[in-house]
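Read left to right, the sequence shown gives residues 1 to 474 (UniProt numbering).
In what follows, a structure is listed as structure tokens, so that the remarks can point back to it.
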Amino acid sequence: MIGAFLMGPVMRLFCAFFLMGVLMDHVWFCVSGPGGWVWANESVAGYSPSGAGDMKEGAPKLFSVCPLMGPKRTAVVIEGRNFGSDPDMVEVRFNGTRAEVQSVSGARITTEVPARAFTGVLTVKVGGIWLLGPEFEYEVSEVKVSTFAGRPDHGGFDGSFRNGIGKEAGFDRPRDLARDSKGNLFVADFGNHAIRKIGPNGRVSTFAGNGVAGDADGLGVRARFKFPQGLTIDGADNIYVADTGNHAIKRIDPSGRVATIAGRAQGYRDGKGPDARFDYPSGIAMGGQNDLYVSETRSHTIRRISLDDFEVTTYAGSKWRHSGTANGNLKTARFRFPSGLAMDDNGNLLVADTYNDMVRAIDLSAGTVRTLAGGDRNSDVKKTKPPMFYCPRGVAVDKQGIVSMTDTKNQCIRRIDLEGRIVTIAGVPNSKGYKDGQGSEAKFSNPYGILNYDQGEIYVADTDNHAIRKITID
């Protein structure tokens with residue numbers, strides 16, 4: 001049971017509960033947060049039998065953590081007993097990130113919130129015994145935007161197909177990003193009809209395609225693409241490409257060999273491999289059952305491809321290619337020019353429903369579609385005020401379930417937290433441009449693809465700036 005206690009006369013009652021818990025050898029949290037004092041006993045907090053649940057005399061116990069929220073470098077005091085006096089025997093972690101232990105006494109540990117810990121459970125290790133504490137809410141205090149590769153004056157039609165390190169490289173309207181197990185980034189270089197590779201050191205090379213539009217399988221630069229847009233990658237580092245201009249889905253193995261797995265000509269038809277037809281596929285994401293999901297922008301549908309036999313089916317939306325905003329089951333749900341896709345860890349396929357100005361979520365197990373955020377641009381509300389989103393193109397989700405998205409026509413990067421709160425983390429809304437710096441001052445020009453690279457690192461295909469931007473969140 002968890003209760004919230006307000007400051008005031010009730011505080012005396014709270015202290016009585018706290019002392020009673022100590023005397024009865026129970027472990028209580030007593031924490032102060034924005035909603036007042038909160039207490040919980042050990043069973044709610046999830047203590048393990050070898051940790052705070054071990055009631056042997058002399059075993060370490062955790063009583064309180066204060067505060068329970070704050071940015072990096074926030075001083076935190078942990079109180080309990082039997083902590084010892086040697087800092088080398090104590091370890092504190094915020095959401096798995098190790099913190100510096102500043103001092104230890106028998107009943108108190110002082111520490112500091114490490115950078116990029118983000119929201120998660122606080123744990124303490126004393127002499128080999130782990131104590132499971134409460135959740136600490138990490139507050140982002142700093143966002144920085146930098147250019148990782150490419151730049152506006154090296155992009156576009158002249159000199160855009162250029163390899164090199166960082167800003168020496170050139171792209172032509174990059175659209176999407178994927179990451180392999182070695183930390184390499186791959187870029188769908190839309191106007192250069194190629195898939196580019198960026199090593200962790202920022203060196204840009206051409207992985208497949210050669211800057212000339214076409215339609216050919218083959219190894220590396222012998223292959224041909226035509227305006228590729230969507231990228232995703234599987235556990236074996238095979239890359240899947242929505243080759244938009246060729247109305248096809250292609251696979252690139254780790255050696256760089258390209259093979260067409262579905263589609264070949266423009267149209268709309270379910271079927272196996274080359275018998276299937278697509279009409280400008282754009283977004284693509286790996287599912288959890290050895291399948292791919294593809295957003296078919298002009299058909300307003302989500303298609304599914306089984307990687308067992310390359311059978312293509314219409315998964316969500318109308319086979320008659322009708323657009324709309326309806327939620328519900330897969331057959332009755334409607335989209336309007338969907339683009340970017342991403343899978344979360346709970347079996348939800350997220351969709352950047354571009355012309356509906358929404359982010360949608362498809363529950364793959366239940367077979368239902370709902371609106372996660374945003375709204376119909378034709379609604380009565382939007383006749384009196386601007387839309388919440390304006391043509392979102394890219395969507396990504398991290399391990400905690402926090403969604404990041406490119407709000408393309410608003411020229412900014414937004415996040416949707418677990419409570420549905422929407423925050424602009426980078427870019428100046430409705431102000432197109434090119435500027436690195438603090439998140440609130442940085443500028444983008446029609447950003448498309450977005451990738452959660454690591455905790456606190458996001459990469460963006462800044463399409464009309466012909467650059468790959470990096471967002472660092474602390």
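Virtual Cβ for every residue (Gly too), placed ideally from N, Cα, C.
Quantities reported herein were computed from a predicted structural model and do not represent experimental measurements.
Could you name the residues of the same chain whose beta carbon sits closer than 6 Å to that of residue i, not counting the 5 residues immediately before and after it, in chain order?
i	result
THR110	VAL77, GLN102 and SER103
LYS399	none
ASN210	VAL221
PHE444	GLN411, GLY427 and ASP462
PHE227	PHE190, THR244 and GLY245
ILE471	VAL145, ALA426 and ILE458
Taking the alpha-carbon of residue i as reference, which of the options has the nearest alpha-carbon?
i	options	result
SER365	ASP353, MET343 and GLY375	MET343
ASN327	LEU307, HIS193 and ARG370	ARG370
ASP176	THR463, GLY170 and THR472	THR463
THR147	VAL294, GLY449, ALA467 and ILE473	ALA467
GLY230	ASN410, GLY394 and ILE458	GLY394
ILE302	ASN210, ALA352 and PHE207	ALA352
CYS66	ILE425, ARG162 and GLU137	GLU137
GLY58	VAL143, LYS226, ASN82 and ASP215	ASN82
PRO152	GLU441, ALA169, GLY183 and ILE165	ALA169
residue 477	ASP237, PHE335, SER205 and GLU311	Lying outside 1 to 474, the shown extent of the chain, residue 477 is not represented and no answer is given.
MET286	GLY235, PRO338 and THR313	GLY235
ASN163	VAL204, LYS197 and ASP215	VAL204
ILE305	GLY183, GLY271, ASP217 and PRO429	GLY271
residue 476	VAL460, GLU91, ARG336 and ALA107	Since the first residue shown for the chain is 1 and the last is 474, residue 476 is missing from the structure and cannot be characterised.
THR206	SER64, PHE171 and GLY214	PHE171
GLY367	LEU219, ASN329, ILE198 and GLY347	ASN329
ASN184	PRO60, THR232 and LEU122	THR232
Could you tell me which residues DSSP pairs with residue i in its beta bridges?
i	result
GLN266	PHE278
PRO87	According to DSSP, which records beta bridges pairwise, PRO87 is partnered with nothing at all.
GLU137	MET69
GLU142	None; GLU142 has no bridge partner.
ARG222	Answer is none; ARG222 lacks a bridge partner.
From what residue to what residue does the beta strand (DSSP E) around residue i run?
i	result
TYR448	447–454
CYS391	Neither: CYS391 is in no beta strand (DSSP E) and is coded neither H nor E.
SER404	403–407
VAL460	457–462
ALA99	97–99
LYS250	248–252
GLN229	228–233
TYR434	Element bounds for TYR434: n/a, residue is neither H nor E.
TYR293	291–296
ASN348	348–353
GLU311	311–316
GLY120	120–126
VAL113	Premise fails: VAL113 is in no beta strand (DSSP E) and is neither H nor E.
LEU341	338–343
GLY182	It is Lys, not Gly, that sits at residue 182 in the sequence shown. Where LYS182 is concerned, there is no enclosing beta strand (DSSP E), given that its DSSP letter is neither H nor E.
THR244	Per DSSP, THR244 belongs to no beta strand (DSSP E) and is neither H nor E.
GLU79	75–81
THR301	301–306
Go through its chain and collect everything with a Cβ distance to residue i's Cβ below 8 Å, but skip five positions before and after it.
i	result
MET388	ASP357, ALA373, GLY374, GLY375 and ILE422
SER379	Interpretation of SER379 is limited by its pLDDT of 43, a score under 50 that renders its predicted location unreliable; the figure taken from the coordinates is listed afterwards. Nothing listed; no residue qualifies.
Please report whether the beta-carbon of residue i lies at a distance below 9 Å from any beta-carbon of chain C.
i	result
LEU330	As a matter of chain content, chain C is missing from the structure shown, which is built from one protein chain.
I think residue i touches residue j, with their Cβ atoms under 8 Å apart; what is that distance to the nearest whole Å?
i	j	result
SER141	PRO71	4 Å
ILE239	PHE186	6 Å
ALA242	ILE249	6 Å
GLY439	LYS144	7 Å
LEU349	ALA178	Actually they are not in contact, since the Cβ atoms of LEU349 and ALA178 sit about 16 Å apart, beyond 8 Å.
ARG224	VAL212	7 Å
ALA107	GLY80	6 Å
To which residues of the same chain is residue i closer than 7 Å at the C-beta, ignoring the five residues directly before and after it?
i	result
ALA442	VAL145, ALA426, GLY427, LYS435 and ASP436
GLN455	ARG116 and PHE118
TYR453	ARG179 and TYR459
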